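S.K.:
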Amino acid sequence: MVNFIPQEKIAEIQQASDIIQIISEHVHLKQSGRNFLGLCPFHSEKTPSFTVNPEKKLFKCFGCGEGGTVFQFIMKQEGVDFVEAVKLAASKSHIDLSHLQNNKRTSFSTAEKTHLVNITNFAAKFYHSILLNSEYGKVARDYLQKRQINDQSIKNFCLGYAPNSWDALLKTCKERNIPSELLEKAGLIIPKKEGNGYYDRFRNRLMFPILDARKQVVGFGGRSLDDSLPKYLNSPETVLFNKSNVLYGIDLSKNAILKQHRVILMEGYTDVIMAHQHGIDWSVAVMGTSISKQHLRQLRQYCNQVILLLDSDIAGQKSSDRNLDIFIEEEFDVKIAQLPKDFDPCDFLVAEGAESFLACVNSAKDFFSFKIEMAASKWDISTIHGKANAIGDILSTAMKMPDVIKRNLLVKWVAEEMSIDEVTLRSQLKKFNKQPFTTDKRQPVGQRLDASSKMERELLYLMLSSNILIPKVLEEICLEEFTNMDFQQIAGKIVELYHKNNVVKGEDVLHILDDARLNKILMDIVTAEEFQNITDHGNRLDLCIHFLKRRNSKKEMHQTKKETLETVKVNSSEEDIVTLLGEFHRKSRNIHALKNKT
38 MVNFIPQEKI
48 AEIQQASDII
58 QIISEHVHLK
68 QSGRNFLGLC
78 PFHSEKTPSF
88 TVNPEKKLFK
98 CFGCGEGGTV
108 FQFIMKQEGV
118 DFVEAVKLAA
128 SKSHIDLSHL
138 QNNKRTSFST
148 AEKTHLVNIT
158 NFAAKFYHSI
168 LLNSEYGKVA
178 RDYLQKRQIN
188 DQSIKNFCLG
198 YAPNSWDALL
208 KTCKERNIPS
218 ELLEKAGLII
228 PKKEGNGYYD
238 RFRNRLMFPI
248 LDARKQVVGF
258 GGRSLDDSLP
268 KYLNSPETVL
278 FNKSNVLYGI
288 DLSKNAILKQ
298 HRVILMEGYT
308 DVIMAHQHGI
318 DWSVAVMGTS
328 ISKQHLRQLR
338 QYCNQVILLL
348 DSDIAGQKSS
358 DRNLDIFIEE
368 EFDVKIAQLP
378 KDFDPCDFLV
388 AEGAESFLAC
398 VNSAKDFFSF
408 KIEMAASKWD
418 ISTIHGKANA
428 IGDILSTAMK
438 MPDVIKRNLL
448 VKWVAEEMSI
458 DEVTLRSQLK
468 KFNKQPFTTD
478 KRQPVGQRLD
488 ASSKMERELL
498 YLMLSSNILI
508 PKVLEEICLE
518 EFTNMDFQQI
528 AGKIVELYHK
538 NNVVKGEDVL
548 HILDDARLNK
558 ILMDIVTAEE
568 FQNITDHGNR
578 LDLCIHFLKR
588 RNSKKEMHQT
598 KKETLETVKV
608 NSSEEDIVTL
618 LGEFHRKSRN
628 IHALKNKT
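If you want it as structure tokens, here you go:
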């Protein structure tokens, strides 16, 4: 992800960034001692729990748990990936990254992308002006009036009209010396098949500019206003636009989604526009494409629940049913809302209003309840064969659920809903069980830690707060001895950076942990109140090492005892037994020696 921006440059940008100024663009901060406090932008609260430390250049909300560097804040607030967040922070700090452009990654420089964005923004304004001010735009204005889309919505979504001309946009851009080659790269014009020259891609269409989370126009959707096909025409894939990465309306919805902690996901442009027009501004749409992992990962920046609003036609429901497993794979809470027959969301809002629409949304079904309904409509569950196939459909999805506990509970629930013996159902799982029911060694965020994990956690804090102790840690303890797999990964990154730079800070590790969950765990360690009053780091380290050595010795002694008993059972030689007993007593003495040191 960050392979074309060196770690040293990332650290330079992080140090140069004024985290107070950047966060203050979105949050009203008030100084409180060394820190700054404000209301968290990522969840609703009345008492400030959002803290920014300008010295460490970190933020942390003690209400919802979000935290990190300036890069994590930009990622969360703007809905961009890590690389884009670094670029934005660099731009705000006037640090040039153009010389780092990786030509193998893309043929477009940052400057060229900026030119393309300027062109798409200009095109959006051109189409918008034609709609509002030109006689040519009357056909589009009449259509919008018929659909009851009001003037404020036209302005908010910058709707426009592409005239019924082969070169209306092309001529206007030539007058402004905008190169045709860039217009083609932006997907706005098409080369003629015969001879030289170009023609406008969008003609006699109502235009829907498509903006990303940073409010930049990245593409367009155009609805035909005559009988020409296709009815809806989208921009082709460009360096700016990819349907699998873009959510229509995210630029206007993201703040409302953050406050609601959920999002309504629909399919049409007018569905989103009408929802916003009725005050339901936490709605977005995919654009005639399947829901992708990129869509969900973008939405995860703002919420963890999607309410998928399906059109009433059963074919659309079945199609969606086949594509919904991605929510389970990505551990995204999804509910399914269905409208009455023959309604799409836009028409339903016009006919029935916001209250009835929200009633449908709030009565949305749990994903697996919907899955059972769809399986029952697909198969005749009154027959043995049909019911077996329906159960198979449900289990094939259930086995994609990464969380073992949730998966087990789900199997129990499915057994009850489908009136089948749970033991029998679990035996059937062997067909689908590509991910065995094993305990996940990763430590979930917020789960209560045992004594060993608490010591390992403190050890990580000591390594970061006093780098001088890292060599002693490596001398006394092997990183593979960490029993908490999350802490082991973080420890490995700490050591990696220490060996590379001879110094490492918590924010440095955050840059290279390509895992939001591990980032959150590390932030909890760095900001933990119980560590803030530690003054004698060396003494605390000795206590941690002593505890972990004693724990490891007990494990070794237990293993030796187990091996001794197994050796006796298989009638091994007296010499083997004596050797193992000697090893057992030696390790026992080591434990007692460690105990006497306390």
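Take 38 as the starting number for the sequence shown in the numbering used here and just add one per residue.
Note that CB positions come from ideal geometry on N, CA and C, so glycine has one too.
Remember, predicted model here, so these are calculated numbers, not experimental data.
Please determine, among Asn576, Ala528, Ile582, Leu432, the residue with the shortest C-alpha to C-alpha distance to Leu559.
M.R.: Per the Cα distances, Ala528.
S.K.: Looking at the strands, I want to know which residues DSSP matches up with Ala223.
M.R.: According to DSSP, which records beta bridges pairwise, Ala223 is partnered with nothing at all.
S.K.: Are the beta-carbon atoms of Leu447 and Phe405 separated by less than 8 Å?
M.R.: Going by C-beta atoms, Leu447 is nearer than 8 Å to Phe405.
S.K.: Examine the ligand MG and report whether any of its heavy atoms sits within less than 7 Å of the Cβ of Leu361.
M.R.: Inclusion of the ligand MG in the displayed structure is not the case, the ligand content being empty and no account of it being possible.
S.K.: What's the gap between the Cα of Gly104 and the Cα of Ile247?
M.R.: One C-alpha to the other measures close to 30 Å.
S.K.: DSSP state of Cys98, grouped into three classes?
M.R.: In this structure, Cys98 counts as strand in the three-state DSSP scheme.
S.K.: What do you get for Ile554, buried or exposed, if any count of 16 or more other CB atoms within 10 angstroms of its CB means buried?
M.R.: First, the amino acid is wrong: residue 554 is Arg here, not Ile. Burial call: exposed.
S.K.: Should Val540 be labelled buried (16 or more other beta-carbon atoms within 10 Å of its own) or exposed?
M.R.: Looking at its Cβ environment, which holds fewer than 16 other Cβ atoms inside 10 Å, Val540 is exposed.
S.K.: Using DSSP with H/G/I as helix, E/B as strand and the rest coil, what is Ala352?
M.R.: With a pLDDT of 40 at Ala352, under the threshold of 50, the modelled position of this residue cannot be trusted, and the question is left open.
S.K.: Less than 8 Å between the CB atoms is what I'm expecting for Ile111 and Leu134, so what's the real figure, rounded?
M.R.: So it is not a contact: roughly 15 Å between Cβ atoms.
S.K.: In chain order, which continuous runs of the alpha helix (DSSP H) of length 4 or greater are located wholly inside the segment 281 to 311?
M.R.: Fully enclosed alpha helix (DSSP H) runs of 4 or longer: 287 to 297.
S.K.: Taking all protein chains shown into account, do 16 or more other C-beta atoms lie within 10 angstroms of the C-beta of Cys77, making it buried, or fewer, making it exposed?
M.R.: Cys77 comes out buried.
S.K.: Give the straight-line distance between the Cα atoms of Lys141 and Val120, rounded to the nearest whole angstrom.
M.R.: Because the pLDDT of Lys141 is 42, which lies under 50, any placement of that residue in the model is unreliable, and the number read from its coordinates should be weighed accordingly. One C-alpha to the other measures close to 16 Å.
S.K.: Taking the alpha-carbon positions, what's the Leu578 to Val510 distance?
M.R.: Cα to Cα, the separation comes out at about 8 Å.
S.K.: Measuring alpha carbon to alpha carbon, tell me which residue in Met436, Asp458, Asn576 is nearest Leu496.
M.R.: Ranking Met436, Asp458, Asn576 by Cα distance to Leu496 puts Asn576 first.
S.K.: Where does Gln526 fall in DSSP's three states?
M.R.: Correct three-state label for Gln526: helix.
S.K.: Are the segment 233 to 246 and the segment 256 to 266 touching, with three or more C-beta to C-beta distances below 8 Å?
M.R.: Verdict: yes, contact present.
S.K.: Does the distance from the CB of Ile514 to the CB of Leu585 come in under 8 Å?
M.R.: Closer than 8 Å, so yes.
S.K.: Buried or exposed for Thr307, please, with buried defined as at least 16 other CB atoms from any protein chain shown within 10 angstroms of its CB.
M.R.: The residue is buried, with at least 16 neighbouring Cβ atoms inside 10 Å.
S.K.: Name, in chain order, the residues that DSSP records as bridge partners for Asp370.
M.R.: DSSP, once it has assigned bridges, lists Gln342 as partnering Asp370.
S.K.: What are the boundary residues of the alpha helix (DSSP H) that includes Ala401?
M.R.: From DSSP, Ala401 is part of no alpha helix (DSSP H); its letter is neither H nor E.
S.K.: Exposed or buried, which one is Arg238 when buried takes at least 16 other CB atoms within 10 Å?
M.R.: Classification of Arg238: buried, given that the 10 Å Cβ count is 16 or more.
S.K.: Going by Cα to Cα distance, which pick from His536, Ile562, Lys542 is closest to Ser490?
M.R.: Per the Cα distances, Ile562.
S.K.: Mind the definition here: the segment 325 to 344 touches the segment 282 to 300 only if three or more C-beta pairs lie below 8 Å; say whether that holds.
M.R.: Touching, per the Cβ criterion.
S.K.: Tell me, please, whether the segment 191 to 206 touches the segment 315 to 329 by the rule of three or more beta-carbon pairs shorter than 8 Å.
M.R.: Too few Cβ pairs lie closer than 8 Å, so no.
S.K.: With DSSP as the reference, please indicate the residues paired to Asn72 in a beta bridge.
M.R.: DSSP, once it has assigned bridges, lists Ser69 as partnering Asn72.
S.K.: Should the segment 421 to 434 be regarded as contacting the segment 217 to 234, the criterion being three or more beta carbon pairs within less than 8 Å?
M.R.: Result no; under three Cβ-Cβ pairs closer than 8 Å.
S.K.: From the DSSP output, read off the bridge partner residues of Ile247.
M.R.: Its beta-bridge partners are Gly256.
S.K.: Assuming Thr572 is part of the beta strand (DSSP E), what are its boundary residues?
M.R.: Thr572 -> no beta strand (DSSP E), and no H or E assigned at all.
S.K.: With distances taken between CB atoms, is the gap from Phe96 to Thr88 smaller than 8 Å?
M.R.: Yes, the Cβ-Cβ distance between Phe96 and Thr88 is below 8 Å.
S.K.: Report yes if the CB atom of Leu277 is closer than 8 Å to the CB atom of Leu153, and no otherwise.
M.R.: Contact: yes.
S.K.: What first and last residue would you give for the beta strand (DSSP E) that runs through Thr275?
M.R.: Unbroken run through Thr275: none, as it is neither H nor E.
S.K.: Using beta-carbon positions only, say whether Gln51 and Lys113 come within less than 8 Å of one another.
M.R.: Not a contact, by the Cβ cut-off of 8 Å.
S.K.: Quick one: what's Ala322 bridged to in DSSP?
M.R.: In DSSP, Ala322 forms a bridge with Tyr285, Met303.
S.K.: In the DSSP assignment, what are the bridge partners of Arg463?
M.R.: None; Arg463 has no bridge partner.
S.K.: With DSSP as the reference, label Val540 as helix, strand or coil.
M.R.: Val540 falls in the coil class under three-state DSSP.
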